[in-house]
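Asks: Under my numbering, think of the first position of the sequence shown as 116, with each following residue one higher. The C-beta atom is built at its ideal place from N, Cα and C for all residues, glycine as well.
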Amino acid sequence: NTDNGIIYGNIINQSNNDLTLKNDSSATITSGITNNGNGTIFVNNQGTISKDDKGYNLTNNGFGSIVIEDWLVTSDKDGNLDTIVVGGSNTGNVSADNITIDESNLDLDNLGDISDVISGVDKGNIGNITTNGSGDINLGYDPTTGKFSKDIDLKRSISGATFRSLIST
């Protein structure tokens, strides 16, 4: 799904075949993705995948699996993350290889636990979590507790530049 494309409705896999979905940064899927089959759905989402009528972005009901290859998690104007919500009868077969958190508008106080980023997935099934900024925020994720640690490099950030400028005057 590219070039401001919009897919209206839910994408549903009923087959035993694997399915690869790529949703580019300007694209939208309006009602989530559901796997009722035995195949694997691979998802790369840099755009918007809205929630279905049950409140899930991704639903895994079959004997298959869903693999989030990469997902860009964004924030609203108040800095609240648009959490990836996973549901269905087989959430144990859902994994996330990479999740990228968009730093624009992000309120770091809203980022303490993995459930702020993704819910409904076993903590052990979550791989790499990064930000898309300039490296001024370094996230550490502990899969046993589900907690984040945040280190801010003041040398790289705009706020750091402002801080250094205030100190030198």
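#1: Looking at the C-beta of residue 190, does it have a partner C-beta in chain B at a distance below 8 angstroms?
#2: Leaving out five residues on either side along the sequence, give the residues of the same chain with a beta carbon under 6 angstroms from the beta carbon of residue 241.
#3: Determine the closest residue to residue 259 out of 173, 229, 253, 252, with distance taken between C-alpha atoms.
#4: Over what stretch of residues does the beta strand (DSSP E) that includes residue 169 continue unbroken?
#5: Kindly indicate the opening and closing residues of the beta strand (DSSP E) around residue 116.
#6: Jot down the residue ranges of each uninterrupted alpha helix (DSSP H) in the segment 149-188, minimum 4 residues, whole runs only, in chain order.
#7: What did DSSP end up calling residue 259 once you bin it into helix, strand or coil?
#8: Helix, strand or coil for residue 245 per DSSP?
#9: Here's the rule: buried if 16 or more other CB atoms are within 10 angstroms of the residue's CB, otherwise exposed. What is residue 180?
#10: Shortest alpha-carbon distance to residue 262 belongs to which of 171, 124, 252, 232?
Replies: Straight from the coordinates:
#1: Looking at the structure shown, chain B is missing, and only one protein chain is on hand.
#2: 211
#3: 229
#4: Run containing residue 169: none; DSSP gives neither H nor E here.
#5: No beta strand (DSSP E) holds residue 116; DSSP gives it neither H nor E.
#6: none
#7: coil
#8: strand
#9: buried
#10: 232
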